[in-house]
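**Q** In the numbering used here, the protein residues as written are 9 to 171.
This is the structure in structure tokens:
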């Protein structure tokens, strides 16, 4: 069964080559183009952006605060860093997600404040886009110092992320 199929495939290939179906250098009807776009992030050091500017470039979308509570926060390798426990507004009018970080199966985790500008949403998961696992570990334990907890029905904007 495979020998007849192989013979048919070879015959079709030879016919295509002989009939001129394959473009050649003399055929000017075929034009090929190549984009000269640098890979993502390649020129970031030439044009430094603030976290707020990076967030605006990621098409922030409105989301209910209550929908963020309990969502997992993932790192670059899709490992869970923790879960969102609260959303607060600082006295400087910045929004932060309070994420339970560390511990074992939720035991011994400590709250860490994550600026909304370094986070992106991917469906029912959050991605830590500009805050590494090391920065989570080095972040101080969050203490409720003059931060105002946002109501579950409040709406904030969060950047989009993709894998």
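The beta carbon of each residue, even a glycine, is placed where N, CA and C say it ideally should be. None of the values given here were measured: they were computed from a predicted structure.
#1: Please report how far the alpha carbon of residue 93 lies from the alpha carbon of residue 154, in whole angstroms.
#2: Distance check for residue 103 and residue 130, CA to CA, integer angstroms please.
#3: Would you mind reading off the limits of the beta strand (DSSP E) that contains residue 141?
#4: Rounded to a whole number of angstroms, what is the C-alpha to C-alpha distance between residue 116 and residue 69?
#5: Which whole-angstrom value describes the C-beta separation of residue 118 and residue 88, a residue pair presumed to lie in contact below a C-beta threshold of 8 Å?
#6: Mapping the DSSP letters down to three states, classify residue 63 as helix, strand or coil.
#7: Where does residue 77 sit, in a helix, a strand or coil, going by DSSP?
#8: Please return the same chain residues whose Cβ sits closer than 7 Å to the Cβ of residue 123, not counting the five positions on each side in sequence.
#9: Should residue 164 and residue 71 be called a contact, given that it needs their Cβ atoms to be closer than 9 Å?
**A** In short:
#1: 17 Å
#2: 19 Å
#3: Taken as a continuous stretch (DSSP letters only), residue 141 belongs to no beta strand (DSSP E), being part of the alpha helix (DSSP H) at 141 to 146.
#4: 33 Å
#5: Contact doesn't hold; Cβ gap of about 15 Å is too wide.
#6: helix
#7: coil
#8: 59, 102 and 104
#9: yes
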